[in-house]
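Participant: Going by this note's numbering, the sequence shown wraps up at 413, each residue one higher than the last. All C-beta atoms in this analysis are idealised placements derived from N, C-alpha and C, irrespective of residue type, glycine included.
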Amino acid sequence: MIDKTNNNFEIYYAISMIAFALITVLGKFYSLPINNAIINIIFACLPSIICIIIYNPQFKKQYFFLLIIMVVMKILSISINLYNNNINNSDLLSEIYYFICFLLNYIGIFFFILPKSKKENVSFHFFSIVFLCVSIIFCAYNIASNNISIEKILNSNNSYDFLFSSFFTNRNHFGKMLFAANIFLLYMNVYKKISKMNFILLFSFININLLLTFSRTAIFCTLILYMLFLFRNKKYWMYALICIIVIFGAYELFPTFKAFMDTFIIRKSSGLTGRGDIWKSAYSIFIKSPIFGFTNTYSSKLVYNLSSNYYFHNSFIKIVCSDGIFCLLSWIGVFMLIFYTNSNKLVFQNKEVKNKYNYLKAAFISTIIYSFFEEYILMGPGIINYWYSFILFIFIPILYYNIIVENKVKYNE
């Protein structure tokens, strides 16, 4: 039986999330007097540092083994590229910056936070409220600061005519945040922390803003999140079918709606918006150094030289091009340790527990799918990498552990 206790590390992460949001807002209007990299690494590492100081460690040998592999490969990657003059002193500082952030967060999460959470009944009510409040503020500013005209949008032939990105410089970043907001909003609903009316209102407001980003990956991964969750319950199939028929009918019957969908959502003319060329370039980078990679900074420069884009638009391709194949395999090993070595095949006798499990599967799968089309640095600094790593390595695993225990209790009753 898991003991109930105060979830202190959730508060640390919530405070850090607020700090990240404030920095993002201030950065929109002012040039910050402190180097942004220093600010990012402070807030990205602070919760882990606090937990390392106040919690008792538990060094599970499998996680420790994978950490050693990743540390060795990252150091070798930096050393080899430094020797080959691929990275300069400025790039070296960036690599040290990324390495420190990774190391502190890995140690804090897998040797302090997750071991502690297995003995406690942890919820993420407070963090979800904080994240949703931040998202609502960003959405409100997005609506207020932009001249959003439906007529203007419908008469446009290019989705890039509009930059509905709130406090971010990139609309895709805003889309990533709103995708995460949907994960936390659905959590509040599944765990009965919010009324149905408030859920509907927040869902509508957040996703109107999400549609306005015209970020296809964010929109479709959010759709996948809800489809994976709802389609587990047969009573929602009819509603989903009706929605599909209505949308398809409107698409075929109304030329204006069809033009809008083609231009802003489907974007046939854009294809993969250059991702195909980027991934081909990434392959040529990978085969040049499949074992050691080219570090975070230099790999981005290489892909830019080949495709005119600094981003790989795929998190796993980014890992293998930056740190090599063994680092990628190590991260896969981490996911396997989290989700496949903590329980046998789950048999649910309780609908409430099964509903929670279905939610976690939907959140995990949709987040991983997102990773195949956008670039995240695992346990890296910055607000986007921060919430992504939080969801994958803290939020989902801890709720998963709780479900295992809760299912055993319900099953034995």
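Can you find the residues in the same chain that come closer than 7 Å, C-beta to C-beta, to N385, ignoring five residues on each side of it along the sequence?
Facilitator: For the purposes of this step, residue 385 is taken as residue 385 along the sequence shown, with counting starting at 1. Excluding positions up to five away in sequence, the list reads Y376, I377.
Participant: On the criterion of 16 or more Cβ atoms from any shown chain inside 10 Å, does K74 qualify as buried, or is it exposed?
Facilitator: Looking up residue 74 in the sequence shown gives position 74. Classification for K74: buried.
Participant: Measuring only the C-alpha atoms, how far is F20 from N142?
Facilitator: Counting from 1 along the sequence shown, the entry for residue 20 is found at position 20. Counting from 1 along the sequence shown, the entry for residue 142 is found at position 142. For F20 and N142, the distance between alpha carbons rounds to 18 Å.
Participant: Evaluate M336 with the Cβ neighbour count: other Cβ atoms within 10 Å of its Cβ, from every protein chain shown; 16 or more gives buried, anything less gives exposed.
Facilitator: Along the sequence shown, one-based indexing puts residue 336 at 336. It counts as exposed.
Participant: So F127 and A14 are supposed to be a Cβ contact under 8 Å. How far apart are they, rounded?
Facilitator: To locate residue 127, count along the sequence shown from 1; it is residue 127. To locate residue 14, count along the sequence shown from 1; it is residue 14. The pair is a contact, with the Cβ atoms about 5 Å apart (cut-off 8 Å).
Participant: Whole alpha helix (DSSP H) runs in the segment 7 to 88 with 4 or more residues, listed along the chain?
Facilitator: Runs of the alpha helix (DSSP H) inside the segment 7 to 88: 8 to 29, 36 to 54, 61 to 83.
Participant: Using a Cβ-Cβ cutoff of less than 7 Å, which residues in the same chain neighbour V25 once the five nearest sequence positions on both sides are dropped?
Facilitator: Within the sequence shown, residue 25 is the residue found at index 25, counting from 1. Answer for V25: F167, listed in chain order.
Participant: By alpha-carbon positions, which one of F203, F316, S322 ends up nearest to G293?
Facilitator: Looking up residue 293 in the sequence shown gives position 293. Of F203, F316, S322, the residue nearest in Cα terms is S322.
Participant: Does DSSP put E463 in a helix, in a strand, or in coil?
Facilitator: Any property of residue 463 remains undetermined from this structure, which presents the chain solely from 1 to 413.
Participant: For V364, collect the residues of the same chain with a Cβ closer than 6 Å to its Cβ; drop the 5 residues on either side in sequence, then sort them by chain order.
Facilitator: In the sequence shown, counting from the first residue as 1, residue 364 sits at position 364. Note on identity: in this sequence residue 364 is Phe, with Val being the wrong assignment. Result list for F364: I396, in chain order.
Participant: Measure the alpha-carbon distance for F174 versus S145 and round it to whole angstroms.
Facilitator: Numbered from 1 along the sequence shown, position 174 holds the residue referred to as residue 174. Numbered from 1 along the sequence shown, position 145 holds the residue referred to as residue 145. Each residue's Cα considered, the two are about 14 Å apart.
Participant: Ignoring anything shorter than 4 residues or poking outside the segment 153 to 214, list the alpha helix (DSSP H) runs there in chain order.
Facilitator: As far as the segment 153 to 214 is concerned, its whole alpha helix (DSSP H) runs of at least 4 residues are 171 to 190, 196 to 213.
Participant: Return the first residue and the last residue of the alpha helix (DSSP H) that G333 is part of.
Facilitator: By one-based count along the sequence shown, residue 333 stands at place 333. Its alpha helix (DSSP H) spans residues 325 to 340.
Participant: By the three-class DSSP mapping on this structure, what secondary structure does P290 have?
Facilitator: Taking the first residue of the sequence shown as 1, we reach residue 290 at position 290. Correct three-state label for P290: coil.
Participant: Starting from N389, trace the alpha helix (DSSP H) both ways and give me its first and last residue.
Facilitator: Your numbering for residue 389 matches position 389 in the sequence shown. One point to set straight first is that residue 389 is Ser, not Asn, in the sequence displayed. Taken as a continuous stretch (DSSP letters only), the alpha helix (DSSP H) holding S389 covers 383 to 390.
Participant: State yes or no: is the C-beta of F126 nearer than 6 Å to some heavy atom of the ligand GTP?
Facilitator: Although the ligand GTP was asked about, the structure shown includes no ligands whatsoever.
Participant: Output yes if chain D places a C-beta closer than 7 Å to the C-beta of S195; else output no.
Facilitator: Protein chain content of the structure displayed is limited to a single chain, and chain D is not contained in it.
Participant: In angstroms with no decimal places, state the Cα-to-Cα distance between L210 and I219.
Facilitator: Position 210 of the sequence shown, counted from the start, is the residue given in the question as residue 210. Position 219 of the sequence shown, counted from the start, is the residue given in the question as residue 219. If I take the Cα positions, the gap works out to 7 Å.
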